[in-house]
């Protein structure tokens with residue numbers, strides 16, 4: 029098991045240095061100018077040596093998850109339809125991706141391609157479309173409705189999806205309460221006994237890929253105790269589902285006698301979980317404290333910031349609080365250096381609730397894996413989406429990374445759901 033405490037503290041210090049940059053602007057005018065010019069040439073992003081980023085398309089709408097076909101077509105889900113189209117179809121050629129069509133009059137996040145079908149989701153339903161030999165949707169106006177009637181209330185309504193090798197499709201159903209209080213997000217309100225919403229939300233459900241019109245009761249609650257999952261992927265090396273959880277908010281606002289403002293900004297960690305059937309990650313009863321390296325009893329259920337438990341699934345890895353992981357991709361390509369093979373890329377959408385501490389995130393990070401398990405320190409892979417350190421710290425990001433996809437040549441594609449930008453990151457050995 030990765031030493032999460034040492035790992036978290038090392039990377040959290042890196043964030044603290046980064047968001048403090050605005051007070052160090054007198055270091056070198058020449059260096060700033062040079063770096064800015066380099067960033068513009070790299071689609072405004074900072075990437076490791078040997079990597080380069082380009083913008084394939086802009087102004088697509090609120091671009092969420094995506095898939096890329098071997099024929100260089102790109103399917104992108106939009107949170108809200110544009111001109112009546114919730115899924116865009118682009119074709120990449122000559123360093124640009126041009127919209128050639130679209131379909132589906134519903135917005136959403138999830139999309140996945142497997143065994144001759146394209147699956148996508150609204151916030152309440154999952155559909156599938158038959159593909160031809162060129163991976164083009166055969167009948168975009170007549171999808172099969174695979175799952176219907178999923179809960180979509182108030183918050184955490186997006187439905188992300190992934191398909192395994194046994195014709196099962198997994199979907200997150202986010203909890204529509206922050207911490208399952210009797211009065212949501214209200215100061216001093218205690219947790220609802222037994223948290224009954226876990227029967228229909230706050231977890232991962234599994235359905236069959238080829239059975240039409242399934243409802244919640246037709247599926248299996250594969251894992252529970254997950255407040256909200258947007259980024260998820262199947263780890264083929266480990267043959268297991270991995271997910272990124274959004275940790276709870278507002279510890280200080282709700283229990284000011286137990287938590288300082290600083291603690292509320294730094295807790296809890298955003299966690300990666302490796303799931304097997306029946307797993308319970310513990311929400312809303314616990315949160316993960318990466319400084320103490322413990323699962324802490326939530327204050328709504330009798331915790332005081334000191335009481336811990338070992339009752340629930342331990343995270344596989346942990347990351348700074350409130351960064352909102354919304355994309356997860358296990359890299360299986362051959363273009364990138366060997367260290368990236370079978371590791372995980374994570375898109376962090378960026379925080380809104382670290383104030384008065386600086387906001388943070390708005391980047392894509394890389395988590396090394398070995399033998400199917402996370403190991404070693406995670407690192408920022410692509411940064412600069414926000415536009416500047418000042419915009420990061422204030423939470424006024426120009427772009428916010430969301431979806432991740434691997435291209436047929438091993439390139440990495442990244443969507444931005446703020447301004448609808450599609451990025452492509454490639455590697456060339458120097």
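Residue numbers (our numbering): 29 to 458. Don't be surprised by glycine CBs; every beta carbon is placed ideally from N, CA and C. Note that the structure is a prediction, hence the values are computed from the model and not measured.
Counting along the chain, residue 154 sits inside the beta strand (DSSP E) bounded by residues 154-158. In the DSSP annotation of this structure, the continuous segment of the beta strand (DSSP E) that includes residue 107 starts and ends at 101-110.
Classified as exposed, residue 243 has fewer than 16 neighbouring CB atoms from the shown chains inside 10 Å of its CB. A Cβ-Cβ contact shorter than 8 Å links residue 206 with residue 277. By the criterion of at least three beta-carbon pairs nearer than 8 Å, the region 278-286 is not in contact with the region 300-308. The C-beta distance from residue 204 to residue 184 rounds to 6 Å, short enough to fall under 8 Å. For residue 420, no beta strand (DSSP E) run applies; the uninterrupted alpha helix (DSSP H) run containing it begins and ends at 417-422, by DSSP.
With a cut-off of 8 Å on Cβ pairs, the region 208-218 is not in contact with the region 139-149, counting fewer than three such pairs. Secondary structure of residue 368 (DSSP, three-state): helix. Within a 10 Å sphere around the beta-carbon of residue 113 sit 16 or more other beta-carbons, which makes this residue buried. Counting the other CB atoms within 10 Å of its CB gives residue 86 a total below 16, which places it among the exposed residues. Residue 433 has its alpha-carbon roughly 14 Å from the corresponding atom of residue 368.
Residue state for residue 146 is assigned as strand, using DSSP reduced to three classes. Separation of the CB atoms of residue 402 and residue 355 is rounded to 16 Å, and the pair is thereby denied contact status at 8 Å. About 7 Å separates the beta carbon of residue 228 from that of residue 201, a gap short enough to meet the 8 Å contact definition.
As computed with DSSP, residue 380 is found in no beta bridge at all. Residue nearest to residue 231 within the set 389, 240 and 311 is 311 (criterion: CA-CA distance). Taking the CA atoms as reference points, residue 293 sits about 7 Å from residue 381. Annotated three-state conformation of residue 224 is helix, per DSSP. When only Cα atoms are considered, residue 219 and residue 328 end up about 5 Å apart.
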